[in-house]
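Residue numbers (UniProt numbering): 1 to 528.
Ideal placement from N, C-alpha and C gives every residue a C-beta, glycine not left out.
Note that the structure is a prediction, hence the values are computed from the model and not measured.
Here's the structure, in structure tokens; my notes come after.
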């Protein structure tokens, strides 16, 4: 992870040296020296980061401390660069100011430059200390030639993948789909809840969304609503989201309290046949509030949850069907794995790769999220036994280092580690948003560019490069499509799975990528 911070700094330092010819005397030489040191050290960082990721909790403490210090130095350098550029740009903006203002700005500029020079001197000393520590610990340059993310799928396909959503593939849950359809077809003379229960990553949302879309196409109900509940949505915000999901409902509930919103929901649904989905419900007392707003007849409510207690809590005021979703059977797990692992390559893989496929699916414990993550990772590799074995051995080592690590945790960790540092930064950026938060594609890419995560390439705009980054994250099944244009299928919004979000937040906190503050998650509404 320190490699990300160092690479971002190097990417800032080189343009600074090229474009800022009037750097304070002496500072330019120190910045050049720092830049050269960082470029030499990032190869070591890549090796140390990889070892730390592989060894997890058993990683050598001195190595962890060295990486943490290197990361902090990189962050200090970024702060100094940003401060310097801010002062330079402020000086240009005030070029036409009055004489007194110019004198004040000049004094401020001199003080700022002196502070910057002093800070750079301290950073230089810190880097010298880290270089000596690296030699003392004997860190090698074994990974110097590694690129982080080794091989990417074909760019042409990726651009299409970024622009157009593909239907999520249902494998091995045909029986579950049939059962849900049967319950829906029974009608809803009385308010009825269909609860799909199972652990994270089993495909509950994928299953319910597929059934929900089919019902929309059949026009079986008068109105439809979908709410991503998760751990943060409750009360006022839940009902505002539900009312917004009714497409013909006008946005007139901005300042209303919970009581008024419950009344509005009940009034809107009165005498309508409705289908509502509450996705990813965590709290057993949620139903008690929701039930106050829903008419007692003509309604079907589908709930996805990890807790059987959520389904039981609905029995007080509704008829309840519960479907326990289980991990995939071995043959279905293999079908899903093959559909992703060979999506870019051969349809007739070798016998050795087929045997390895079986070993991979065993490691994933039948969890579709893990299967898709690992298979999508392998789809970016050449179809060589040696490359597949390298990934498998890495998974084995992670399991050996932490006996409590589940299959999907291994898969997510391995998929993350395989990314280039640019893509790692872009993926970790999702940690800034609340769980289940869907952000507009164009806005996300612009934010990546503003943060300096998107590299500059000849003959391509940064927006085009950002599109490729997002496309690869989607192709690797690390980012999910949340919304598409209904007319041509172009992706409009994206997000990450809640398990992936948990993984990202832990990485962000572990590596000080960002600080996650607890507060109102809906301050992001204007971005969505």
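Can you tell me whether residue 456 is buried or exposed, with buried defined as 16 or more other CB within 10 angstroms of its CB? For the purposes of this step, residue 456 is identified with residue 456 of the chain shown, where counting begins at 1. It is exposed - the Cβ of residue 456 has fewer than 16 other Cβ atoms within 10 Å.
I'd like to check one pair, residue 500 with residue 473: are the Cβ atoms closer than 8 Å? Along the chain shown, read from residue 1 onward, the residue named residue 473 stands at position 473. Along the chain shown, read from residue 1 onward, the residue named residue 500 stands at position 500. Against a cut-off of 8 Å, the Cβ pair of residue 500 and residue 473 comes out as no contact.
CA-CA distance, residue 344 and residue 222? On the chain shown, residue 344 is found 344 positions in, with the first residue counted as 1. On the chain shown, residue 222 is found 222 positions in, with the first residue counted as 1. Distance from the CA atom of residue 344 to the CA atom of residue 222, rounded to whole angstroms, is 41 Å.
First and last residue of the beta strand (DSSP E) that includes residue 264? On the chain shown, position 264 is the one that residue 264 refers to. Bounds of any beta strand (DSSP E) do not take in residue 264; it lies within the alpha helix (DSSP H) bounded by 258 to 269.
Proximity of residue 421 and residue 451 at Cβ, strictly below 8 Å: The count along the chain shown starts at 1 and reaches residue 421 at position 421. The count along the chain shown starts at 1 and reaches residue 451 at position 451. No. Outside cutoff.
Where DSSP assigns a beta bridge to residue 243, which residues make up the other side? Stepping through the chain shown from its first residue, residue 243 is reached at position 243. For residue 243, which the question treats as bridged, DSSP gives no partner whatsoever.
Find the nearest neighbour of residue 273 within the set 264, 301, 286, judged by alpha-carbon distance. Position 273 of the chain shown holds residue 273. Answer by Cα proximity: 301.
Contact between the stretch 186 to 206 and the stretch 255 to 271: three or more CB pairs below 8 Å? The stretch 186 to 206, when compared against the stretch 255 to 271, does not touch it at the 8 Å Cβ threshold.
Does the stretch 376 to 387 come within contact of the stretch 431 to 440, defined as at least 3 CB pairs closer than 8 Å? Contact between the stretch 376 to 387 and the stretch 431 to 440 is absent, because fewer than three Cβ pairs lie under 8 Å.
Within the continuous alpha helix (DSSP H) that includes residue 234, where are the two ends? Numbered from its first residue, the chain shown carries residue 234 at position 234. Run containing residue 234: none; DSSP gives neither H nor E here.
When the Cα atoms are used, what is the spatial distance from residue 377 to residue 200? To locate residue 377, count along the chain shown from 1; it is residue 377. To locate residue 200, count along the chain shown from 1; it is residue 200. Looking at the backbone, the Cα of residue 377 and that of residue 200 are separated by about 20 Å.
I think residue 284 touches residue 309, with their Cβ atoms under 8 Å apart; what is that distance to the nearest whole Å? Within the chain shown, the letter at position 284 stands for residue 284. Within the chain shown, the letter at position 309 stands for residue 309. Right, their Cβ atoms sit about 5 Å apart.
Report, in whole angstroms, the separation of the C-beta atoms of residue 454 and residue 466, which I expect to be a contact under 8 Å. Taking the chain shown and counting its residues from 1, the one referred to as residue 454 is at position 454. Taking the chain shown and counting its residues from 1, the one referred to as residue 466 is at position 466. Distance from residue 454 to residue 466 at the Cβ level is roughly 5 Å; contact confirmed, criterion being Cβ atoms closer than 8 Å.
Under three-state DSSP, which class holds residue 208? As a working note, residue 208 is residue 208 in the chain shown. In the three-state scheme derived from DSSP, where H, G and I count as helix and E and B as strand, residue 208 is classed as helix.
Hey, how far is the Cα of residue 125 from the Cα of residue 68? Stepping through the chain shown from its first residue, residue 125 is reached at position 125. Stepping through the chain shown from its first residue, residue 68 is reached at position 68. Straight across, the Cα-Cα distance linking residue 125 with residue 68 is about 16 Å.
Indicate the three-state DSSP secondary structure (helix, strand or coil) for residue 133 in the structure shown. Residue 133 sits at position 133 when you count from the first residue of the chain shown. Three-state DSSP puts residue 133 in a helix.
Thinking residue 245 and residue 435 are a contact (beta carbons under 8 Å), I'd like their distance in whole angstroms, please. Counting from 1 along the chain shown, the entry for residue 245 is found at position 245. Counting from 1 along the chain shown, the entry for residue 435 is found at position 435. Between residue 245 and residue 435 a beta carbon distance of about 18 Å is seen, past the 8 Å cut, so the two are scored as non-contacting.
According to DSSP, is residue 71 part of a helix, a strand, or is it coil? Against the chain shown, residue 71 aligns to sequence position 71. Three-state DSSP puts residue 71 in a helix.
My output table needs one value for residue 437: the three-state DSSP class, helix, strand or coil. Stepping through the chain shown from its first residue, residue 437 is reached at position 437. Coil.
Residues in its own chain within less than 8 Å of residue 297 by CB, not counting five upstream and five downstream? Counting from 1 along the chain shown, the entry for residue 297 is found at position 297. Only residues of its own chain outside the window of five on either side were considered, and among them 188, 189, 190, 191 have a CB closer than 8 Å to the CB of residue 297, listed in chain order.
Short of 6 Å in beta carbon distance, which residues of its chain neighbour residue 341, apart from the five on each side in sequence? Order them along the chain. Within the chain shown, the letter at position 341 stands for residue 341. These residues qualify, in order along the chain: 375, 378, 379.
Using the rule of at least 16 other Cβ atoms within 10 Å of the residue's Cβ for burial, across every protein chain shown, is residue 323 buried or exposed? If you number the chain shown from 1, residue 323 lands on position 323. Answer is buried; the Cβ neighbour count reaches 16.
Secondary structure at residue 306, three-state DSSP: helix, strand or coil? Numbered from its first residue, the chain shown carries residue 306 at position 306. Reduced to three states, the DSSP call for residue 306 is coil.
Would you list the one or two residues that DSSP bridges to residue 301? Your numbering for residue 301 matches position 301 in the chain shown. Residue pairing by DSSP places residue 301 opposite 193, 276 in a beta bridge.
Do you know offhand how far residue 179's Cα is from residue 77's? For the purposes of this step, residue 179 is identified with residue 179 of the chain shown, where counting begins at 1. For the purposes of this step, residue 77 is identified with residue 77 of the chain shown, where counting begins at 1. C-alpha separation (whole angstroms): 58 Å.
Determine the extent of the alpha helix (DSSP H) in which residue 290 is found, giving its start and end residues. Start at 1 with the first residue of the chain shown, and residue 290 comes out as number 290. Boundaries of the alpha helix (DSSP H) around residue 290: 286 to 291.
Quick check: the Cα distance between residue 337 and residue 65, rounded to an integer number of angstroms? The residue given as residue 337 occupies position 337 in the chain shown. The residue given as residue 65 occupies position 65 in the chain shown. Rounded to the nearest angstrom, the two C-alpha atoms are 38 Å apart.
How would you write the range of the alpha helix (DSSP H) that residue 384 sits in, first residue to last? For the purposes of this step, residue 384 is taken as residue 384 along the chain shown, with counting starting at 1. For residue 384, there is no enclosing alpha helix (DSSP H), as DSSP gives it neither H nor E.
Along the chain, where does the alpha helix (DSSP H) containing residue 421 start, and where does it finish? Residue numbering aside, residue 421 sits at position 421 when the chain shown is read from its first letter. Bounds of the alpha helix (DSSP H) holding residue 421 are 421 to 428.
Can you tell me whether residue 280 is buried or exposed? The criterion is at least 16 other CB atoms within 10 Å of its CB, across all chains shown. Looking up residue 280 in the chain shown gives position 280. Its Cβ being crowded by 16 or more others within 10 Å, residue 280 is buried.
Beta-carbon proximity list for residue 426, same chain, < 6 Å, skipping 5 on both sides: In the chain shown, counting from the first residue as 1, residue 426 sits at position 426. Within the same chain, residue 426 has close Cβ partners 448, 453, 469.
Residues sharing a beta bridge with residue 226, DSSP: Counted from its first residue, the chain shown places residue 226 at position 226. Residue pairing by DSSP places residue 226 opposite 277 in a beta bridge.
Cβ-Cβ separation, residue 195 to residue 318 (assumed contact under 8 Å), whole Å: Within the chain shown, the letter at position 318 stands for residue 318. Within the chain shown, the letter at position 195 stands for residue 195. Actually they are not in contact, since the Cβ atoms of residue 318 and residue 195 sit about 10 Å apart, beyond 8 Å.
Determine the direct distance from the alpha carbon of residue 306 to that of residue 229, and round the result to whole angstroms. As a first step, residue 229 is located in the chain shown; it is residue number 229 there, counting from the start. As a first step, residue 306 is located in the chain shown; it is residue number 306 there, counting from the start. Straight-line spacing of the CA atoms in residue 229 and residue 306 works out to 13 Å.
How many angstroms separate the CA atom of residue 329 from the CA atom of residue 271? Reading the chain shown from its first residue, position 329 is the one you call residue 329. Reading the chain shown from its first residue, position 271 is the one you call residue 271. Distance between the alpha carbons of residue 329 and residue 271 is about 43 Å.
What do you get for residue 409, buried or exposed, if any count of 16 or more other CB atoms within 10 angstroms of its CB means buried? As a working mapping, residue 409 is identified with position 409 in the chain shown. It counts as buried.
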